[in-house]
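Undergrad: Handing you a structure now.
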Amino acid sequence: MFEIRTGWPRIKDSWWAIAQIALAATTAYAIAHFLLGHPVPLLAVTVAIASLGLSRDTRPDRVAATALAMTLGIGLSETLLLLFGSGVLQLLFAILLALVVARFISSNPAFALTATIQAVLVQMLQFPTGGVFARVLDGVIGGLVALLFTALLPRNPVKLARADAAELFVIFKQTLGDLRSVLLNADVAKADSTLEQIRKTQPLLDHWRSSLESAVAIGKISPVYRWARQQIADQQVLLEGMDLATRNLRVVVRRIDFLVRDQKPRPELARLVAKFLIAVDLLESSLDDFSLAQKARKYLMKVAPELGVYPQLSLNEQVIVFQLRPMFVDLCQASGIDPEQAKGLLPRVE
């Protein structure tokens, strides 16, 4: 689908990736054309572009896998051309061979399709004047250049991970704020909409995890982002805790959505939820500096004694308090507290 309204923000977010691809493709062309004398090194350029891509997953192994698939297809097809020439039957056999070999090598369907498309291109393009297997060499050049740019001029994985995390925190805090309002006003309609909202958080968690996995991989090979390894490790701690907390928040929202159908305000529970909102707000501040998570840890330790038994509450209301306890442990984990230690902070329930 076309999304013109969000076009400029997309360009802004992808600007470095666009520049990286353009520079890598031009570099691959220059090496193949000026250094090796290949007149039209088309495949050097296309392999560099396709290997880098515009997706958020810029892990070196993904870049290498795409380059390998393309070079494999080029090599197989080039060999068939040398042995049997070109024609309809040769094209059919090249497609079949590329699919079979690629599927044998990798379980990823995209790997097989990428290899096959390159095999078809080689079959249908004019025979190169750069010599035997010149196009294979072009493919290798394109792949190596893509890997080089991934290591030396990588996209900022830490910035992307922070942006993904910030999106999750916006929804998480909004959900807690809405829950507080729902409990104060017994607003059934708002409870329903809050439940729908929290159910849409899984893609945000998946994006954050994918960005961090890319950041870890890039940090291992790129001298540019060695400084960021500790930040990435801190974000991984934050992610694991927030992932679990989001799952438990969904459970809490479903329970409250059912509870408020009696249209009875519950200010005591609203007060507890508000305390969780403060804790999450403190956790969000640690995205830029994980040392700030210490404030969240101290605050969570103060909240822990309030997650015990409330004799004045009904059984259904007590269930909400008990369901907040696992989420408390998750938030503690996100702040850097060991989960077992966090469980020990909670009041004993007989």
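FYI, the numbering for the sequence shown is 0 to 349, going by numbering that gives the first Met the number 0.
Every residue, glycine too, gets a C-beta built ideally from N, C-alpha and C.
1) V44: which of L112, A66 and K274 sits nearest, CA to CA?
2) Use the C-beta contact count for G343: other C-beta atoms within 10 angstroms, 16 or more gives buried, fewer gives exposed.
3) If the criterion is Cβ atoms closer than 8 Å, does the pair L237 and S285 meet it?
4) Assess contact between the segment 209-226 and the segment 260-268, defined as three or more Cβ pairs (one per stretch) separated by less than 8 Å. Is contact present?
5) Spatial neighbours of W15 within its chain, please: CB distance less than 6 Å, with the 5 preceding and 5 following residues excluded, ordered by chain position.
6) How do the segment 84-95 and the segment 39-58 stand: do at least 3 beta-carbon pairs fall below 8 Å, yes or no?
7) For H32, collect the residues of the same chain with a Cβ closer than 6 Å to its Cβ; drop the 5 residues on either side in sequence, then sort them by chain order.
8) At what residues does the alpha helix (DSSP H) containing K263 begin and finish?
9) Can you tell me the Cα-Cα spacing of A18 and R55, whole angstroms?
10) Tell me which residues share the same chain as F181 and place their Cβ nearer than 7 Å to its Cβ, disregarding the 5 neighbours each side in the sequence.
11) Below 8 Å CB to CB, which residues in the same chain sit around D287 once its five sequence neighbours on both sides are set aside?
12) If we ignore side chains and look at the alpha-carbon of each, how far apart do G218 and T57 end up?
13) Tell whether a beta-carbon distance below 8 Å holds between P59 and L146.
14) Can you give the beta carbon distance from L323 to F275, rounded, assuming they're within the 8 Å contact cut?
15) Select from L51, F171 and K294 the residue whose C-alpha is nearest the C-alpha of V272.
16) Quick one: what does DSSP say T57 is sitting in, helix, strand or coil?
17) How many Å lie between R228 and T26 at the Cα?
18) How big is the Cα-Cα spacing for G176 and W226?
19) Under 7 Å Cβ to Cβ from D329, same chain only, skipping five residues before and after it: list those, please.
20) Please name the residue, chosen from F289, S290 and F327, that lies closest to V302 on a Cα-to-Cα basis.
21) To the nearest angstrom, report how far apart Y224 and A165 are at their CA atoms.
TA: With the structure as the only source:
1) A66
2) exposed
3) Yes, these two residues count as a Cβ contact at 8 Å.
4) Contact fails between the segment 209-226 and the segment 260-268, because fewer than three Cβ pairs, one in each stretch, are under 8 Å apart.
5) R154
6) Remark: fewer than three beta-carbon pairs, one from each stretch, lie closer than 8 Å, so the segment 84-95 and the segment 39-58 are not flagged as touching.
7) P40
8) That residue, K263, is in no alpha helix (DSSP H); it is neither H nor E in DSSP.
9) 15 Å
10) Sequence inspection shows Val at residue 181; the Phe mentioned does not correspond to that position. Contacts found: K189, A190, T193, I255 and V259.
11) The residues are R161.
12) 11 Å
13) yes
14) 7 Å
15) Comparing Cα-Cα distances from V272 to each of L51, F171 and K294, the minimum goes to F171.
16) coil
17) 29 Å
18) 36 Å
19) G240, L243, A244 and N247
20) Residue F327 is the option with its Cα nearest to V302.
21) The straight-line gap from Cα to Cα measures roughly 21 Å.
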